[in-house]
Amino acid sequence: MTSYKYAINLADGIFHASLIFPKEETYSLTDQIRRSSRPIGAQIAEAWGKRRYKKRFASKVTDAYAETYKTEHW
């Protein structure tokens, strides 16, 4: 699934990019952006597992999409 691969690559890229963030940002910006990027792939995987149930699938995809906004915020 293309969106899942993209989400995993995004989380990995964010992690590696955050390694150069200032040390004073470790518990505010760095931690928040890392934690907000990881659930995107998990939500997509969970949606795929529930793909037989259209409403549940749509709900999980919507949750994954919402997580992208949280990551974008940080």
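So in the numbering used here, the last spot in the sequence shown is 205, and the numbers never skip.
Think of the CB as a built atom: it goes at the ideal place given N, C-alpha and C, for glycine as much as any other residue.
No experiment lies behind these values; they were computed from the predicted model shown.
Subject >> Tyr135: first and last residue of the uninterrupted alpha helix (DSSP H) it sits in >> reply: For Tyr135, the enclosing alpha helix (DSSP H) stretches over residues 133 to 149.
**OP:** Sort Leu150, Gly180, Arg187, Pro153 by Cα distance to Tyr135 and report the nearest one.
**Re:** For the set Leu150, Gly180, Arg187, Pro153, the Cα lying nearest the Cα of Tyr135 is the one of Gly180.
Original post:
In this structure, does DSSP put Pro170 in helix, strand or coil?
Top reply: For Pro170, the three-state secondary structure derived from DSSP is helix.
**OP:** Starting from the C-beta of Ile139, find all residues in its chain whose C-beta is less than 8 angstroms away, skip the five residues before and the five after it, and write them out in chain order.
**Re:** Only residues of its own chain outside the window of five on either side were considered, and among them Gly172 have a CB closer than 8 angstroms to the CB of Ile139, listed in chain order.
**OP:** Spatial neighbours of Glu198 within its chain, please: CB distance less than 7 angstroms, with the 5 preceding and 5 following residues excluded, ordered by chain position.
**Re:** These residues qualify, in order along the chain: Ser167, Pro170, Ile171, Gln174.
Original post:
In its own chain, which residues sit with a C-beta less than 8 angstroms from the C-beta of Trp205, not counting the 5 before and 5 after it?
Top reply: If we look at Trp205 and ignore the five residues flanking it on each side, its Cβ neighbours are Leu160, Gln163, Ile164, Ser167.
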